[in-house]
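Protein chains in written order, with the numbering used here: chain A, 27 to 199; chain B, 26 to 394.
Glycine included, C-beta positions come from ideal geometry on N, C-alpha and C.
Here is the structure we will look at, set down as structure tokens.
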């Protein structure tokens, strides 16, 4: 870490009142915030150069009963990736849209709703289906979704007996 | 005025992969466009959670068909970062060679591929024929033409075969000799100019709004925003290359940048062959026991590389077990392929929709996953 970089991070920690954590990769940091403070953090980061949102994703921590939202931001000036993480309640996963800060997030939110069932207040299209056609089960990337049980309940089981031909049929004219 | 609903794709010859756009047209003007992904959704992210770290290697190249090596690279980089494993020096250089050969192959396909939607099929044949020579190299190096599964966590799967550097040099020489001819035929041709010059604009504000990266970003903003420069991985900080940029982004500019990038890729590969250690190990082992059932320490990391379409990354979460806990894929064409089509395809003609997909770099498997 260069000197200017550590100064910059100290300023960020002081302004936002958060702790910037190191990650296993270089030029990459984590910020853990409460879900009520995410928008303030994102707006600040966008203002200081994190103009690109690379990815909005979600993790299902089923044992803790939480969903974790991860917003990956990129600053092209110094090549830093900032991962802003927040925990949501798994029983009632609700979050407010970030499309007013990063407009490109609109389809990511739709995808997270489809795959995890997180609701995004303020995004008018998030409930529309995207990849899955006529899906009627629980959101499939949740850890308690069982693909085998789903497939057994949806599709008839086909037997594939191993039958070998015992007789060679000769072609007669 | 009557509106007609038209389906573009997934079997349209101008469509990139199994992707579809619902267009509401008036005459031949597109009034409204809705992207319809999902034809290629194979649940990669769910599948990856159910397989061994090593077993996933057979799966991930399929997320981007034409340029599969970037998947292997980000996956390997992520696991190495989590496990704190150092990659042998020679493996870094071999990886760079593979990645740049992949970039040459996909750019050759793109430059030839513009002949499809513009109606000049000669270009397509030439492009595919040239790309095939690069695939031959891949076959010699990795044993496979399309899905190589060559870059593995800890290095590369095996060392380069004997005499391959001469073969690579031969292919590069020939490609370099042919490139001006392709430029003359494809990028300067009046038929193609009539269709792609001053068409399919991508202003700078749209780049930041959608989050477009790669050639789209560099052609509109004039900045050298290339992950190989900004955040060098492998040994990109030890080779010299330029990042072509522009400040006026129409379809022709983006094609020209692809052409210029090919020259830079050739330059990189030549330096790699010169500078790489001539011998040495190419792979670090992860575990003392079985090479298949290794575990990765707990943690999460995001790794990204510069693909031909922009920033391509994996977000990897491990809980210390033999399978990944969660992997999220950042497809480089996600922003322009979904929100871009919805907002900015409007106002173009029906026959320009295919050129829009082509030059914006929309690749369906990395959107669907």
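For residue i: DSSP bridge partner residues
{"i": "residue 48(A)", "result": "55(A)"}
{"i": "residue 351(B)", "result": "342(B)"}
{"i": "residue 87(A)", "result": "92(A)"}
{"i": "residue 58(B)", "result": "48(B)"}
{"i": "residue 30(B)", "result": "49(B)"}
{"i": "residue 180(B)", "result": "177(B), 308(B)"}
{"i": "residue 196(B)", "result": "None; residue 196(B) has no bridge partner."}
{"i": "residue 108(B)", "result": "According to DSSP, residue 108(B) bridges with nothing at all."}
Among the options, the one whose alpha carbon lies nearest that of residue i
{"i": "residue 391(B)", "options": "317(B), 95(B), 83(B), 34(B)", "result": "95(B)"}
{"i": "residue 86(B)", "options": "127(B), 386(B), 62(B)", "result": "127(B)"}
{"i": "residue 166(A)", "options": "70(B), 41(B), 348(B)", "result": "70(B)"}
{"i": "residue 384(B)", "options": "138(B), 368(B), 349(B), 263(B)", "result": "138(B)"}
{"i": "residue 356(B)", "options": "147(A), 59(A), 153(A), 133(A)", "result": "133(A)"}
{"i": "residue 87(A)", "options": "344(B), 348(B), 185(B)", "result": "344(B)"}
{"i": "residue 296(B)", "options": "121(B), 97(B), 37(B), 40(B)", "result": "121(B)"}
{"i": "residue 22(B)", "options": "272(B), 322(B), 264(B), 382(B)", "result": "This structure cannot speak to residue 22(B), because chain B is shown only from 26 to 394."}
{"i": "residue 155(A)", "options": "136(A), 103(A), 36(A), 148(A)", "result": "136(A)"}
{"i": "residue 55(B)", "options": "389(B), 368(B), 387(B)", "result": "368(B)"}
{"i": "residue 89(A)", "options": "370(B), 350(B), 133(B)", "result": "350(B)"}
{"i": "residue 163(A)", "options": "103(A), 180(A), 76(A), 149(A)", "result": "180(A)"}
{"i": "residue 245(B)", "options": "168(B), 290(B), 254(B), 270(B)", "result": "270(B)"}
{"i": "residue 187(B)", "options": "303(B), 208(B), 150(B), 210(B)", "result": "303(B)"}
Backbone CA spacing between residue i and residue j [nearest angstrom]
{"i": "residue 294(B)", "j": "residue 305(B)", "result": "19 Å"}
{"i": "residue 27(A)", "j": "residue 99(A)", "result": "Summary for residue 27(A): the model assigns pLDDT 49, below 50, so the residue's position carries little reliability, and this model does not support an answer."}
{"i": "residue 317(B)", "j": "residue 152(B)", "result": "39 Å"}
{"i": "residue 105(A)", "j": "residue 31(B)", "result": "42 Å"}
{"i": "residue 189(A)", "j": "residue 183(A)", "result": "18 Å"}
{"i": "residue 92(B)", "j": "residue 125(B)", "result": "10 Å"}
{"i": "residue 117(B)", "j": "residue 292(B)", "result": "17 Å"}
{"i": "residue 366(B)", "j": "residue 101(B)", "result": "32 Å"}
{"i": "residue 382(B)", "j": "residue 40(B)", "result": "7 Å"}
{"i": "residue 33(B)", "j": "residue 223(B)", "result": "23 Å"}
{"i": "residue 152(A)", "j": "residue 146(A)", "result": "7 Å"}
{"i": "residue 34(A)", "j": "residue 41(A)", "result": "11 Å"}
{"i": "residue 50(A)", "j": "residue 70(A)", "result": "24 Å"}
{"i": "residue 172(B)", "j": "residue 28(B)", "result": "43 Å"}
{"i": "residue 348(B)", "j": "residue 360(B)", "result": "29 Å"}
{"i": "residue 218(A)", "j": "residue 323(B)", "result": "Residue 218(A) is absent from the model: chain A starts at 27 and stops at 199."}
{"i": "residue 178(A)", "j": "residue 88(B)", "result": "27 Å"}
{"i": "residue 165(B)", "j": "residue 154(B)", "result": "17 Å"}
{"i": "residue 298(B)", "j": "residue 192(B)", "result": "12 Å"}
{"i": "residue 60(A)", "j": "residue 91(A)", "result": "16 Å"}
{"i": "residue 58(B)", "j": "residue 173(A)", "result": "33 Å"}
{"i": "residue 209(B)", "j": "residue 132(B)", "result": "16 Å"}
{"i": "residue 37(A)", "j": "residue 144(A)", "result": "33 Å"}
CB of residue i within 8 Å of CB of residue j, strictly
{"i": "residue 328(B)", "j": "residue 181(B)", "result": "no"}
{"i": "residue 232(A)", "j": "residue 54(A)", "result": "Residue coverage of chain A in this structure runs from 27 to 199, which leaves residue 232(A) outside it and unanswerable."}
{"i": "residue 335(B)", "j": "residue 247(B)", "result": "no"}
{"i": "residue 330(B)", "j": "residue 341(B)", "result": "no"}
{"i": "residue 352(B)", "j": "residue 373(B)", "result": "no"}
{"i": "residue 275(B)", "j": "residue 62(B)", "result": "no"}
{"i": "residue 308(B)", "j": "residue 179(B)", "result": "yes"}
{"i": "residue 227(B)", "j": "residue 364(B)", "result": "no"}
{"i": "residue 185(B)", "j": "residue 119(B)", "result": "yes"}
{"i": "residue 176(B)", "j": "residue 123(B)", "result": "yes"}
{"i": "residue 108(B)", "j": "residue 321(B)", "result": "yes"}
{"i": "residue 57(A)", "j": "residue 44(A)", "result": "yes"}
{"i": "residue 162(B)", "j": "residue 218(B)", "result": "no"}
{"i": "residue 111(A)", "j": "residue 96(A)", "result": "yes"}
{"i": "residue 242(B)", "j": "residue 231(B)", "result": "no"}
{"i": "residue 65(B)", "j": "residue 174(B)", "result": "no"}
Where residue i meets chain D, residues with beta-carbon distance less than 8 Å
{"i": "residue 54(A)", "result": "Going by chain labels, chain D is absent from the structure shown, which instead holds the protein chains A and B."}
Below 8 Å, can you find three or more Cβ-Cβ pairs linking the region 104-118 of chain A to the region 27-45 of chain B? Contact fails: fewer than three Cβ-Cβ distances are below 8 Å.
Three or more C-beta pairs under 8 Å: does that hold for the region 272-284 of chain B against the region 110-118 of chain B? Segments in contact, no.
For the pair the region 155-171 of chain B and the region 194-201 of chain B, tell me if three or more CB-CB distances fall below 8 Å. The region 155-171 of chain B vs the region 194-201 of chain B: in contact.
Are the region 249-265 of chain B and the region 202-215 of chain B touching, with three or more C-beta to C-beta distances below 8 Å? At 8 Å Cβ cutoff, the stretches do not touch.
If we count Cβ pairs, one from each stretch, closer than 8 Å, do we get three or more for the region 131-146 of chain B versus the region 368-385 of chain B? The answer is yes - the region 368-385 of chain B touches the region 131-146 of chain B, with three or more Cβ pairs under 8 Å.
Is it true that the region 48-66 of chain A meets the region 78-87 of chain A, where meeting means three or more beta-carbon pairs spaced less than 8 Å apart? No, because fewer than three Cβ pairs between the region 48-66 of chain A and the region 78-87 of chain A fall closer than 8 Å, the two stretches do not touch.
Between the region 152-169 of chain A and the region 60-75 of chain B, do at least 3 Cβ pairs fall closer than 8 Å? Result yes; three or more Cβ-Cβ pairs closer than 8 Å.
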